[in-house]
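Each remark here refers to the structure printed beneath this line.
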Amino acid sequence: MRRRQSEITDPLEISRILSAATIGRMATLGADGYPYITPVNYVYTDGCIYFHCALKGEKLDNIAREDRVCFEVDIPLAYLDLGFNPKGGGCSLHQFYHCVIIRGRARVVPDGDLKTTALNALVAAHEPDRSPAPVHADMPDYKACAVVEIRPETLSAKSDLAQKKSAEDREALARYLEKRGRPGDVETVAAMGFGSPRR
């Protein structure tokens, strides 16, 4: 990673980001030699990524041919518009975010306990306010879907929170975001370490 000041090395923080997001993007290698990127609903549990999909499709064909994949998750934070620096033009526009990139190996999980556990974890992650019946192997849809596991081999994470700016500029930015109050602004201010920026 080129900008080490943005790197996240705390495993708990990385796990928090992976657990907070619900959509990730998996890149596989297509038969034509081009990367093939697919957005998927996923769950991060027991150190692995799990998602479900149809029993047939291009991403499964790609995994069967080459199991090495890349998986990316991002959480967008505040968008910095021209209101903060009107003279900066397009070069001053910026998106703050957290992101995790995983390189690992993917496989289709066979029917059995792990598939059932992964599906139940997926439901719990995406339906936190409901109490659906547990998934079990006798359900009609159980055999009609595939579950894919991505086991990480390398993992990198970063938070873009204006770390390269001076302390004075960061505080001014935090004050601007808190005053603006758009979705994601308060979360960005907190992530920057300003609990309640001075006005």
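Sequence positions in the sequence shown follow my numbering and run 1 to 199. Ideal Cβ positions, reconstructed from N, Cα and C, are used throughout, including at glycine.
So, are the CB atoms of residue i and residue j less than 8 Å apart?
i, j, result
"residue 203", "residue 84", "In the structure as shown, the chain begins at 1 and stops at 199. Residue 203 is therefore absent and cannot be evaluated."
"residue 200", "residue 68", "Residue numbering for the chain in the displayed model covers 1 to 199; residue 200 lies beyond these limits and cannot be assessed."
"residue 38", "residue 59", "yes"
"residue 139", "residue 170", "no"
"residue 135", "residue 51", "no"
"residue 118", "residue 108", "no"
"residue 75", "residue 157", "no"
"residue 14", "residue 155", "yes"
"residue 146", "residue 55", "yes"
Could you pull the start and end residues of the alpha helix (DSSP H) that residue i belongs to?
i, result
"residue 143", "It is not in any alpha helix (DSSP H) - residue 143 carries neither H nor E in the DSSP assignment."
"residue 176", "167-180"
"residue 119", "113-126"
"residue 187", "185-191"
"residue 17", "11-20"
If you draw a straight line from the C-alpha of residue i to the C-alpha of residue j, how long is it?
i, j, result
"residue 144", "residue 111", "11 Å"
"residue 31", "residue 124", "35 Å"
"residue 185", "residue 102", "27 Å"
"residue 100", "residue 11", "11 Å"
"residue 23", "residue 133", "23 Å"
"residue 93", "residue 172", "16 Å"
"residue 113", "residue 53", "18 Å"
"residue 7", "residue 120", "32 Å"
"residue 167", "residue 5", "14 Å"
"residue 73", "residue 18", "7 Å"
"residue 180", "residue 142", "47 Å"
"residue 198", "residue 89", "With a pLDDT of only 41 at residue 198, under the threshold of 50, the placement of this residue in the model should not be trusted, and no figure is reported."
"residue 163", "residue 177", "16 Å"
"residue 81", "residue 27", "31 Å"
"residue 57", "residue 87", "49 Å"
Of the residues the options, which one's Cα is nearest the Cα of residue i?
i, options, result
"residue 35", "82, 62, 172 and 45", "62"
"residue 41", "55, 33 and 25", "25"
"residue 127", "15, 29, 43 and 13", "43"
"residue 79", "55, 194 and 98", "98"
"residue 195", "175, 27 and 165", "175"
"residue 137", "116, 130, 146 and 152", "116"
Along the chain, where does the beta strand (DSSP E) containing residue i start, and where does it finish?
i, result
"residue 52", "48-53"
"residue 60", "Note, residue 60: premise wrong, no beta strand (DSSP E); alpha helix (DSSP H) at 58-65."
"residue 85", "Taken as a continuous stretch (DSSP letters only), residue 85 belongs to no beta strand (DSSP E), as it is neither H nor E."
"residue 8", "Element bounds for residue 8: n/a, residue is neither H nor E."
"residue 31", "It is not in any beta strand (DSSP E) - residue 31 carries neither H nor E in the DSSP assignment."
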